[in-house]
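If you count the sequence shown from 1, you need to add 14 to reach the numbering used here.
Virtual Cβ for every residue (Gly too), placed ideally from N, Cα, C.
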Amino acid sequence: MAQTLVEHAVDIIRSNDQGAYTVPTHGLYPFQWNWDSALTALGIAFYDEERAWVELTTLMNHQWDDGMVPHIVFHKEDEGYFPGPDVWQTKRKTPTSGISQPPVAGFAARKLFERAKDKTRGTAQARAMLPKIDAWHDWFYRCRDPEGTGLVALIHPWESGRDNSVDWDAAFQRVPTDGVMPFQRRDLQHADASHRPTQAQYERYIYLVQLFRSLGWDNAKLHAASPFQIVDPGFNAILIRSCSDLAKLADDLGEPEIAARNRARAEKGVAAMETLWSDAHNQYLCYDRKVDQPVDNPSIAGLLAAVAPIPPNRAKEIGERILELGESCRYLVPSQPATSPHFDGKRYWRGPVWLIVNYLISDGLKCAGEDGVAQRIISDSLELISNSGFAEYYHPISGEPCGGKSFTWTAAMVIEFMTQSDTQK
Ligand code: DGY
């Protein structure tokens, strides 16, 4: 009998399982990545609740003393990846990178807790997780929003997960490359060069790593010192949603102070998101803090914002904008509009469709009652999987699979799409 999509997805996650964490895919990403892991925990919970909690716990065990949760945990040595621990030099017992990633842990922990069949274990695990995630949220607002605007800035594109988005192009012109170490990229041994960031972008990624390393990874200094400071609506929306979900989890667990702190962060964040809205583009835009100007590019960051409890009129407008994007591409939601002069349908975040973003957008739109658009995004996502397999990302017009193969979080999202219908904000 043919394997169902869900069975295939479970096999992929199991094949990438390292015992206490899951690699995104063998070869290209041989360690634990932060938001990959937290979203993967949702897929694992479908077949092994205990292992799902382990995934999140392993990630949070590598939290720094200041509250930061790093974007990569280098559990084992692997020569096949660059930049490895010798470049980051964060001096952790188990080496980690020195920057963070979209904080989906609060969102994931609430879902795991509410779906738990073993309520005793779910309560104990969620209770252990609560102060750690709260400290991570506090870290973001303390270190990345020093002026208390309600919105945090990214200091490295890798923090967004959208490494080579068009959103960073103008800011990257201001990131120098002097003194960048000679290096050999490893990603091109595992993936097609036309699907990946360019050499010029990699030099700037490494410049920023070297700069932050020279400051001893002291988060009291990094935001001010960084030539790259971008307020990303998608990233902020994930943080806001996680604060709001953590507040609800804390209510359920009888932790009113954690609940109040996170509710206040979410409310302030939602109000501040309005400053990123563009009437001209009918969506949110990034904001470049260094030059005090919006980034005039209608990327998926401004649509991912739907994952937060934004006002209903904004969710509706985002839904309309997404349907409009569908007029120039076959599969929603492209990371850059297919009509944009910068569109590149195979190159990472400059056009391709990513299932994790589709999942987060559709979850938010369902919460806002925009079910029609949400369903269209879900059916496009599943059609991509049926036609092109479990890739890292897909060309939004041809559906061609791109990047890494047998990809963990893509598999986890398929399990979510096919087995869950809970969506609350
Ligand atoms: C990579 O190596 O491509 C990652 O996206 C950085 O985290």
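Would the C-beta of residue i count as close to the ligand DGY, meaning under 8 Å from any of its heavy atoms?
| i | result |
| --- | --- |
| Trp368 | no |
| Asp394 | no |
| Pro211 | yes |
| Gly98 | no |
| Ile86 | yes |
| Asp181 | no |
| Asp310 | no |
| Asp79 | no |
| Gly175 | yes |
| Trp47 | yes |
| Asp201 | yes |
| Tyr221 | no |
| Tyr43 | yes |
| Tyr95 | yes |
Look at the Cβ atom of residue i, then the Cβ atom of residue j, and state whether they are nearer than 9 Å.
| i | j | result |
| --- | --- | --- |
| His151 | Ser256 | yes |
| Leu202 | Gln139 | no |
| Phe45 | Phe96 | no |
| Pro116 | Leu253 | yes |
| Glu91 | Gly81 | no |
| Ile411 | Ala352 | yes |
| Thr39 | Gly418 | yes |
| Ala319 | Pro247 | yes |
| Ile58 | Phe404 | no |
| Asp394 | Arg344 | yes |
| Asn48 | Thr422 | no |
| Asn75 | Val166 | no |
| Ala425 | Ala123 | no |
| Leu398 | Gly378 | no |
| Val321 | Leu374 | yes |
| Val223 | Trp102 | yes |
| Asn311 | Ser342 | no |
| Leu317 | Tyr301 | no |
| Thr72 | Ala119 | no |
| Pro283 | His204 | Sequence check: residue 283 is Gly here, not Pro. Their beta carbons are not under 9 Å apart, which means Gly283 does not touch His204 by this criterion. |
| Asp181 | Ile220 | no |
Using DSSP's beta-bridge definition, name the partner residues of residue i.
| i | result |
| --- | --- |
| Gly412 | The sequence shown places Ser at residue 412, not Gly. Looking at the DSSP assignment, Ser412 forms no beta bridge with any residue, so it has no partner. |
| Leu168 | Ile244 |
| Trp8 | Since the displayed the chain opens at 15 and closes at 439, residue 8 lies outside it and no answer follows. |
| Trp47 | Ile86 |
| Tyr407 | Cys416 |
| Asp31 | Thr36 |
| Gln307 | Asp302 |
| Thr72 | Note: Thr72 sits in no beta bridge, so no partner. |
| Val367 | Tyr408 |
| Thr110 | Val87 |
Does residue i pass the burial test, meaning 16 or more other C-beta atoms within 10 Å, or should it be called exposed?
| i | result |
| --- | --- |
| Met427 | buried |
| Gln438 | The predicted position of Gln438 is uncertain, since its pLDDT is 46 and thus under 50; a value taken from the coordinates is nonetheless stated next. So Gln438 counts as exposed. |
| Glu384 | buried |
| Ala278 | exposed |
| Asp148 | buried |
| Pro270 | exposed |
| Thr18 | exposed |
| Asn401 | exposed |
| Lys125 | buried |
| Pro107 | In the sequence as presented, Pro is not what sits at residue 107; that position holds Lys. Exposed, because fewer than 16 other Cβ atoms sit within 10 Å of the Cβ of Lys107. |
| Met195 | exposed |
| Phe197 | exposed |
| Ser420 | buried |
| Glu21 | exposed |
| Lys380 | buried |
| Pro109 | buried |
| Asp293 | exposed |
| Gln32 | exposed |
| Asp259 | buried |
| Leu168 | buried |
| Glu406 | buried |
| Ala261 | buried |
| Pro323 | buried |
Taking 8 Å as the cut-off, is the C-beta of residue i nearer than that to any heavy atom in the ligand ZN?
| i | result |
| --- | --- |
| Trp172 | For the ligand ZN, the structure offers nothing, since it holds only the ligand DGY. |
Contact the stretch 70-85 vs the stretch 187-197: 3+ CB pairs below 8 Å: Judged by Cβ distances under 8 Å, the stretch 70-85 makes no contact with the stretch 187-197, as fewer than three pairs qualify.
Stretch pair the stretch 110-124 + the stretch 223-237: three plus CB contacts closer than 8 Å: With three or more CB-CB distances shorter than 8 Å, the stretch 110-124 counts as touching the stretch 223-237.
Three-pair Cβ contact test at 8 Å for the stretch 340-354 versus the stretch 283-297: Contact between the stretch 340-354 and the stretch 283-297 is absent: fewer than three C-beta pairs spanning the two stretches fall below 8 Å.
Segment contact, 8 Å Cβ cut-off, at least three pairs: the stretch 206-221 with the stretch 355-372: Yes, the stretch 206-221 is in contact with the stretch 355-372.
Touching by the beta-carbon criterion (3+ pairs, under 8 Å), the stretch 151-167 and the stretch 220-228: With fewer than three CB-CB distances shorter than 8 Å, the stretch 151-167 does not count as touching the stretch 220-228.
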